[in-house]
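What follows is a short report on a single structure.
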Amino acid sequence: MWLAGMAVNSTSQLFKSLLVTSELIDGQNRGRLASSSLYDICTRVHDCILKSGMDQNPYVANKLMRVYIRCGKVQDARHVFDKLVKKNVFNWTTMIGGYAEHGRPADAIEVYNQMRQEGGRPNEVTYLSILKACACPVGLKWGKEIHAHISHGGFRSDVPVQTALVNMYAKSGSIKDARLVFDEMAERNVITWNVMIGGLAQHGFGQEAFSLFLQMQEEGFVPDSTTYLSILTATACSSAGALGWVKEVHRHAVKAGFDSDMRVCNALVHVYSKSGSVDDARLVFEGMLDRDVISWSAMIGGLAQNGCGHEAFSLFLKMQREGVIPNVTTYHGCGQEAFSLFLRMRREGVVPDAITYMSILNASASTGALGWVKEVHRQAVQAGLDSDVRVGNALVHMYCKTGSISDARLMFDGMVERDVITWTAMISGLAQNECGQEAFSLFLQMQREGFIPVATTYASILNVCTSTGLAMVEEI
DNA sequence: CTAGGGTTAG
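Residue numbering for the first sequence follows the numbering used here, starting at 6 and increasing by one per position.
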């Protein structure tokens, strides 16, 4: 702020402003200023740089580019970059890194290729940046080319570059190539192990990730919190038989003192729920000293998915009493909680137990589940999360499940964004509530609007057809 | 002087 009003007209002041600005963004002050005011400062400093002609100084230009990138203004950085007549390796690398940070592999590759055409020599940092940009499915074809450049360019024994290669292959879906590079490495560090373990975990190879977790320790490496966060992912732990090694990883984490690490505990809560042990999840959750919205959401979602609807809802209320504000994920978890609860009610029939159950959820036994749904809905609106398509879907589904088809339709009609799940939820809700005609016209409408029905959509609409005659079946 | 590999909920 003070910078914005400051007279910046001498070269030394210019440098000072630029450095202060970049420190503001890079250093510990980050976040204390709104990015809009940082951007404002940056453009003012930029103006002065242009007036003094310092924009052709590669060092100054690089600082300026960094600040723009940190403000999220990659296009402005690109403008500075393009105007720069003589670019050094820092400028090229910064530009590539900027695109990498903002998930723009095609632009990063364009700059990288331009660099090579103009005779620029990428160094290890350039490779780290371009590999980061290519660490996504669309980046694989480019990533392979860069792999060849790296092998020819003499970076075969550079641990960070090779680690970045492993990461690139893992993130772009080619886990086999990732493992190949990993196995070929003569030297590795903790990050290398974390990348490989995380890659296997993300691809659902939990058992393999776990054996690497043991192997790294045999080789003298000490797992850090990232190791635990990498291995304890839902995809790695939801397969049958995962619970055994998850508990083993948990024991290691406790022994190493990571049981006081909130993020590790969050991952444990989630993963225990996913591997079917809600009791272990609850134990971890209860033992936590600090909890954030992720902790609460993980626990609520875990309870919900394991048929502990009542507990999930009371935890949802408790979370808010403790001042933690639910986000989209929390509501999503609640939606699932409601589903499983109501599905369970249906399975069990209307037994007094279920009504008693609902009366705990809601003060009024007569409104039962619907009141509960409305309460969640009200809070979602209050939080401004009802416009989220996932929350909307959950609410449509919940209203249908509680038999309030009019509320479901109201929700459905009011949604600004719908996906195939929205349509299917509404159609099956109508179908199950004997509104076959309405379900069918919605089925036609969804296709007019360009949505392609999925198997569940057909299942719902075919159910309608069996009860209302065959005329519709022919149309389908 | 400047660029920098890995990170939990859905």
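Quick reminder that beta carbons are idealized off the backbone N, C-alpha and C, glycines included.
- Ranked by Cα distance from Gln450, the first of Glu439, Asp418 and Leu320 is Asp418.
- Between the region 227-245 and the region 254-272 there are three or more C-beta pairs closer than 8 Å, enough to call the two in contact.
- Between Cys141 and Pro165, the C-beta spacing is not below 8 Å.
- Under the Cβ criterion (8 Å, minimum of three pairs), the region 191-199 does not count as touching the region 150-158.
- Here DSSP, grouped into helix, strand and coil, assigns Arg256 to helix.
- Considering only Tyr44, Arg49 and Ala105, the residue with the shortest C-alpha distance to Lys78 is Tyr44.
- Collapsing the DSSP output to three states places Arg423 in coil.
- Distance from the CA atom of Thr335 to the CA atom of Leu205, rounded to whole angstroms, is 27 Å.
- Secondary structure at Asp266: coil, using DSSP grouped into helix, strand and coil.
- When rounded, the separation of the alpha-carbon atoms in Gly292 and Arg383 is 31 Å.
- Less than 8 Å separates the beta-carbon of Gly144 from that of Ser177.
- When the five nearest sequence neighbours on each side are left out, the beta carbons in the same chain lying within less than 6 Å of the beta carbon of Ser280 are those of Cys242, Ala247, Leu248 and Val251, in order along the chain.
- Contact between Ile74 and Glu106 holds, since their C-beta atoms are separated by about 7 Å, short of 8 Å.
- Going by C-alpha positions, Val65 is about 13 Å away from Asp52.
- For Lys92, there is no enclosing alpha helix (DSSP H), as DSSP marks it with neither H nor E.
- When the alpha-carbon of Asn62 is set against those of Cys47, Arg49, Ile426 and Asn96, the nearest one is in Asn96.
- Between the C-alpha atoms of Lys181 and Ala214 there is a straight-line separation of about 13 Å.
- Distances from the CA of Asp424 to each of Ile410, Val401 and Lys406 were compared; the closest alpha carbon is that of Val401.
- Runs of the alpha helix (DSSP H) lying entirely within the region 173-247, each at least 4 residues long, are 180-189, 195-207, 211-223, 230-236 and 239-242 in chain order.
- Each residue's CA atom was taken as its position, placing Val469 and Asn311 some 31 Å apart.
- Taken in chain order, the unbroken stretches of alpha helix (DSSP H) that lie wholly in the region 128-161 and span 4 residues or more are 129-138 and 145-157.
- According to the DSSP assignment, Ser300 belongs to the alpha helix (DSSP H) that extends over Val298 to Gln310.
- For Arg121, the enclosing alpha helix (DSSP H) begins and ends at Pro110 to Gln122.
- Here the C-alpha atom of Gly124 lies approximately 42 Å from the C-alpha atom of Val227.
- Taking all protein chains in view, the Cβ of Val200 is crowded by 16 or more other Cβ atoms within 10 Å, so the residue is classified as buried.
- By the 16-neighbour rule on beta-carbons within 10 angstroms, Ile432 is buried.
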